[in-house]
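In the numbering used here, the protein residues as written are 194 to 388. Step one of this worksheet: look at the structure below.
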Amino acid sequence: MKRVAILISGGGSNMIALARSMEGAHPARPVLVLSNDPSAKGLERAAAMGIPVAAVDHRPFKGDRAAFEAALVQQLDAAAPDVICLAGFMRILTAGFTGRYAGRMLNIHPSLLPKYPGLHTHQRALDAGDAEAGCTVHEVTSVLDDGPILGQARVPVLPGDDAGSLAARVLVQEHALYPAVLARYVTGDRRPVLL
Ligand code: GAR
């Protein structure tokens with residue numbers, strides 16, 4: 194049974210989708226949900242599902258990323274995860290951290306990478322006049338929102354869309370894509386999932 198840790202910063206809807214997907218017959222199970230925000234709603238939701246939770250508040254570290262990440266590492270390594278899923282985790286990670294977990298850390302990003310790494314992805318897709326938007330799951334490297342692509346899901350951009358309506362349409366696909374990629378990934382299958 195593979196052990197999966199999930200890092201969140203907010204509501205954790207992707208975390209819930211991942212956790213639900215691991216209920217029943219599945220080669221993995223969630224062993225920790227970890228947040229940089231102790232008030233993240235997702236922590237309560239994970240705890241209600243019986244998943245161990247922890248928080249490392251980034252604020253007292255006052256920009257000392259190495260010290261913040263050392264505290265994250267302590268929590269993560271205590272849970273001994275085989276795979277780490279970033280799911281709406283909104284802190285930039287240093288090469289030291291990403292290198293430590295190279296080849297076993299995934300991220301979901303709300304754009305069709307390599308388009309629109311970083312923030313405000315939906316507005317940027319709208320501003321560019323794109324006909325399609327979507328989301329990507331990729332292996333995490335030291336480069337932000339980069340690394341081998343493990344899956345993508347596409348949605349149409351519809352007339353009258355704003356960033357909110359487009360984000361909601363993409364999020365539905367995120368909840369399908371991330372579990373589909375994880376189910377393959379934990380068996381060692383790195384072929385991309387295309388939805
Ligand atoms: C998701 O849309 C995820 O793709 C995005 O944050 C949201 C988190 O929602 N991630 C990023 O923007 C990472 N750069 P959730 O907390 O409900 O899963």
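Even glycine gets a Cβ: it sits at the ideal position worked out from N, Cα and C.
Where the alpha helix (DSSP H) through residue i begins and ends
i, result
"residue 331", "Not the alpha helix (DSSP H): residue 331 falls in the beta strand (DSSP E), residues 325-332."
"residue 260", "258-272"
"residue 279", "It is not in any alpha helix (DSSP H) - residue 279 instead sits in the beta strand (DSSP E) that spans 276-279."
Collapsed DSSP secondary structure at residue i in the structure displayed
i, result
"residue 363", "helix"
"residue 208", "helix"
"residue 357", "helix"
"residue 238", "helix"
"residue 288", "helix"
"residue 374", "helix"
"residue 247", "strand"
For residue i, the first and last residue of its enclosing beta strand (DSSP E)
i, result
"residue 195", "195-201"
"residue 302", "298-302"
"residue 306", "Neither: residue 306 is in no beta strand (DSSP E) and is coded neither H nor E."
"residue 317", "Unbroken run through residue 317 is the alpha helix (DSSP H), 314-320; no beta strand (DSSP E)."
"residue 223", "221-228"
"residue 349", "342-349"
Stretch pair the segment 322-342 + the segment 294-306: three plus CB contacts closer than 8 angstroms: Here the segment 322-342 makes contact with the segment 294-306; the two share three or more CB pairs at distances below 8 angstroms.
Is there contact here, the segment 285-299 with the segment 311-319, by at least three beta-carbon pairs under 8 angstroms? Because the criterion of three Cβ pairs below 8 angstroms is not met, the segment 285-299 and the segment 311-319 do not touch.
Count the C-beta pairs between the segment 247-259 and the segment 207-219 that are closer than 8 angstroms, then say yes if the count reaches three, no if not. With the cut-off at 8 angstroms, the segment 247-259 and the segment 207-219 do not touch.
Whether or not the segment 255-267 and the segment 280-289 are in contact is what I'm after, with contact meaning three or more pairs of Cβ atoms, one per stretch, closer than 8 angstroms; do they touch? Yes, since at least three Cβ pairs between the segment 280-289 and the segment 255-267 fall closer than 8 angstroms, the two stretches touch.
Take every Cβ of the segment 351-360, pair it with every Cβ of the segment 368-380, and state whether three or more of those distances are shorter than 8 angstroms. With a cut-off of 8 angstroms, the segment 368-380 and the segment 351-360 do not count as touching, because too few Cβ pairs lie within range.
How do the segment 197-210 and the segment 228-247 stand: do at least 3 beta-carbon pairs fall below 8 angstroms, yes or no? The segment 197-210 makes contact with the segment 228-247: 3 or more CB pairs, one atom from each, lie closer than 8 angstroms.
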